[in-house]
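Chemist:
In this note's numbering, the protein residues as written are -9 to 774.
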């Protein structure tokens, strides 16, 4: 054999390092790169290849699909902002109208606020910051976490960026400023904690919004019946509203998909009615209000009313309540569909409604307390009343569903105690129901309605929750603009000065009403923040404890191969959240039970900062050597909108993927061995002829393929036998206590606060829907 032949073989080996190598006959549909031949059994290094979840976000979506989604989004997204005309003028002019031109000033502010915040900021800017189609505060945080290592758990790995959903488009080359900001965030522990704190605060505020929206929307709509009969006193209106709210929460368990897409026609009728009545009032009463488009009237309004004008901003901001739903619900639709529905239906209808009410008020300044129902033509009163109540219920439904989704996302961050997530629809994504949270929301809504009784007081509380979330969204967006989008710094400054200053002005106004009900969302947020902090803090302490005391693969090897242990038929799955090793609780188990099942799989549950991980790519496996002990490591990866429940055949899918891994693993081991053999043969037989070498290689390959097939069949049969013998789910239930010598604060945090939450909420088996007949809990106490 000539030296040229050696070069050819060496070149082919080098090419295989960068190009994909075809798999054997049974793995024909797969391709694995040479780099993946070098595996680490500890799973400290994970190769990740998760396909992008497109859903409705595909750029190539047909226009018919986009228009269909745009119609559906009207019923889901705009219920809250669409019912704002019920109470905005009444909440703004709480002391009555002092000057007729004040109406023009308020109308001008409503118009420009609607244009700047929902339309320009959210529809054309914020929607671009979606996380593979999903939106909300958590989506913004996940984008930042993926680009900069700001997560507080040490489960992030360099290989995470290989997941296709992790890839971020970098549209420009302004790298220095972006790199500098990224470096500061990654190297500042304060910045990491502050980002997590801001995310938790935003989440808490949106949940508070979910309490207040049903209260103010239903009260405003039901209050309209006073126009038809004087028998409906304020007390009776409150109790009717409470009855509607209780019914609304009681039907949540059936799932929003049962009624969700019947909402769109109702909201479309609502927008048609308020827009039509707006045009009618505009023509009938005072078409001159169109001059409010001139911002000069805003300046005149502030000159006349000074401090009272600033205070009234708390009422005007209610015109944009529910705007966050534009972004939070984008995952159910597409960016283009929401842009179309907002620009063609919602925005024009709202503008016409506010213009019409302003025209009516110019002639009836004394009726500002009941502007909406007083301005309705007589023949349309009852249709408007019925549709208003239905629209208020829909607005409430949207925020309740949004609250469930937000809590689901918080769970994956380790920021919320374990609660039961029920996926109510196999057809529509994101339709979830949380029983415990549903009843707590119901009690909170009933309490707020009975306690405050009027929309004016609830409006004071409502504004703070709305503006806080908007301000936090803007703050996250500035980080994304600089660090990920790499926007020109002058455009960033323009955004902060224009949008940011308006939001800060509104925030200052709503905070002024703190003692008039404004404390309510902050109280809600404070309670939720305490719960989140306690859970997240101890959750991280537990993770670090397991990381420091993890069991090495060598120890597992020693245990499994030891003569003191007997292997019993069956398959055991040992669950934990530790990704980088085998949890210490396993050592506690084997110390008390000297028996192991014939196949043992350590299953680590890991949440990735992406919205979804496809079920077929959920699992990542490694084998603990030697091969004949049949011990495997597995990471089950979930996105923050994935739901772990009985709908997904977790056990069966894991077994199927384990079989595939066994085939791949055997082939990879043989490939590495064969490559080494070929190099040795080529270097040792340079004097042999080319034909002789080819004949020898063909003979080896036939023999090796035959051996591979037999080995694969043998391993698959062993796994099948273990599965048929029975599957046992081993759950590590660790009790945590403060270590000896701990401070009083730490002992209160761990021994009382955390353990109180843990004892009164769901256990792991209920969260993961593990069958009780095949479950075994292993307890251990961690001293943190």
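C-beta atoms are modelled at their ideal positions from N, C-alpha and C, and glycine is treated no differently.
Could you check where the beta strand (DSSP E) with residue 723 kicks off and where it finishes?
Modeler: Where residue 723 is concerned, the enclosing beta strand (DSSP E) stretches over 717 to 727.
Chemist: At a Cβ threshold of 7 Å, is residue 134 touching chain C?
Modeler: The structure shown contains no chain C; it holds only a single protein chain.
Chemist: Buried or exposed for residue 703, going by 16 or more other Cβ atoms inside 10 Å?
Modeler: Exposed: under 16 other Cβ atoms inside 10 Å.
Chemist: Please classify residue 682 as buried or exposed, where buried requires at least 16 other C-beta atoms within 10 Å of its C-beta.
Modeler: Model confidence at residue 682 stands at a pLDDT of 49, short of 50, so the residue's coordinates are unreliable; what they give is reported in the following sentence. Exposed, since its Cβ has fewer than 16 Cβ neighbours within 10 Å.
Chemist: Only counting the same chain, and skipping five residues up and downstream in sequence, which positions put a Cβ closer than 8 Å to that of residue 285?
Modeler: The answer, listed in chain order, is 98 and 102.
Chemist: Taking DSSP as the reference, what is the three-state secondary structure of residue 626?
Modeler: DSSP places residue 626 in strand when its eight states are reduced to three.
Chemist: Check whether the segment 535 to 545 touches the segment 504 to 513, counting contact only when three or more Cβ pairs, one atom from each stretch, lie closer than 8 Å.
Modeler: Verdict: no, contact absent.
Chemist: Is there contact here, the segment 586 to 605 with the segment 621 to 628, by at least three beta-carbon pairs under 8 Å?
Modeler: Yes: at least three Cβ pairs fall under 8 Å.
Chemist: Under 8 Å: do the segment 386 to 397 and the segment 422 to 430 share three or more Cβ pairs, one atom per stretch?
Modeler: Yes, since at least three Cβ pairs between the segment 386 to 397 and the segment 422 to 430 fall closer than 8 Å, the two stretches touch.
Chemist: In angstroms with no decimal places, state the Cα-to-Cα distance between residue 468 and residue 318.
Modeler: Cα-Cα distance, rounded: 18 Å.
Chemist: On a CA-only basis, which of 640, 660 and 312 is nearest residue 719? Give me that one, please.
Modeler: The candidate whose alpha carbon is nearest that of residue 719 is 640.
Chemist: Between residue 767 and residue 723, what straight-line distance do the alpha-carbon atoms span, to the nearest angstrom?
Modeler: Residue 767 and residue 723: Cα-Cα distance of roughly 6 Å.
Chemist: Which two residues bound the contiguous beta strand (DSSP E) that contains residue 565?
Modeler: Start and end: 556 to 566.
Chemist: Under 7 Å between the Cβ atoms of residue 550 and residue 511?
Modeler: Their beta carbons are not under 7 Å apart, which means residue 550 does not touch residue 511 by this criterion.
Chemist: Taking all protein chains shown into account, do 16 or more other C-beta atoms lie within 10 angstroms of the C-beta of residue 50, making it buried, or fewer, making it exposed?
Modeler: Confidence is the limiting factor: at residue 50 the pLDDT is only 45, short of 50, which leaves the residue's position unreliable, though a coordinate-based value still follows. Its Cβ having fewer than 16 others within 10 Å, residue 50 is exposed.
Chemist: Roughly how many angstroms lie between the CA atoms of residue 91 and residue 74, to the nearest whole one?
Modeler: Those two C-alpha atoms are separated by around 22 Å.
Chemist: Using the beta-carbon count (16 or more within 10 Å), is residue 184 buried or exposed?
Modeler: Label assigned to residue 184: exposed.
Chemist: Residue 712: which of 563, 93 and 398 sits nearest, CA to CA?
Modeler: Comparing Cα positions, the closest option is 563.
Chemist: On the DSSP bridge assignment, give the partners of residue 572 in chain order.
Modeler: Residue 572 pairs with 541.
Chemist: Can you say whether residue 25 is buried or exposed, counting buried as having 16 or more other CB atoms within 10 angstroms of its CB?
Modeler: The predicted model places residue 25 with a pLDDT of 40, which falls under 50 and marks its position as unreliable, so this point remains unresolved.
Chemist: What would DSSP say about residue 608, mapped onto helix, strand or coil?
Modeler: DSSP places residue 608 in coil when its eight states are reduced to three.
Chemist: How is the beta strand (DSSP E) around residue 770 delimited, first residue to last?
Modeler: Per DSSP, residue 770 belongs to the beta strand (DSSP E) from 765 to 773.
Chemist: Less than 7 Å between the beta carbons of residue 496 and residue 457, yes or no?
Modeler: Taking 7 Å as the Cβ cut-off, residue 496 and residue 457 qualify as a contacting pair.
Chemist: Give the DSSP-derived three-state secondary structure of residue 592 in the structure shown.
Modeler: It is a strand residue.
Chemist: When the Cα atoms are used, what is the spatial distance from residue 430 to residue 531?
Modeler: Computed Cα separation, rounded: 28 Å.
Chemist: What did DSSP end up calling residue 733 once you bin it into helix, strand or coil?
Modeler: Residue state, collapsed to three classes: coil.
Chemist: Can you give the Cα-Cα distance for residue 359 and residue 256, rounded to whole angstroms?
Modeler: Roughly 26 Å separates the two Cα atoms.
Chemist: Touching or not, the segment 577 to 597 and the segment 733 to 753, by the rule of three or more beta carbon pairs under 8 Å?
Modeler: No, they do not touch.
Chemist: Closer than 8 Å is the cut-off here; do at least three beta carbon pairs connect the segment 519 to 527 with the segment 318 to 328?
Modeler: The segment 519 to 527 is not in contact with the segment 318 to 328.
Chemist: Secondary structure at residue 762, three-state DSSP: helix, strand or coil?
Modeler: It is helical.
Chemist: Whole angstroms is fine: what's the gap from residue 335's alpha carbon to residue 261's?
Modeler: Answer to the nearest angstrom: the Cα atoms are 7 Å apart.
Chemist: Taking only the alpha-carbon atoms, compute the straight-line gap between residue 605 and residue 729 and give it to the nearest angstrom.
Modeler: Taking the straight line joining both Cα atoms gives about 40 Å.
Chemist: With burial defined as no fewer than 16 other Cβ atoms inside 10 Å of the residue's Cβ, what is the status of residue 173: buried or exposed?
Modeler: Label assigned to residue 173: exposed.
Chemist: Report the residue from 645, 369, 459 and 76 whose alpha carbon sits nearest the alpha carbon of residue 193.
Modeler: For residue 193, the nearest C-alpha among the options comes from 459.
Chemist: Going by the beta-carbon positions, is the gap between residue 227 and residue 214 smaller than 7 Å?
Modeler: Their beta carbons are not under 7 Å apart, which means residue 227 does not touch residue 214 by this criterion.
Chemist: So does the segment 361 to 378 actually touch the segment 261 to 272, counting three or more Cβ pairs closer than 8 Å?
Modeler: Enough Cβ pairs lie closer than 8 Å, so yes.
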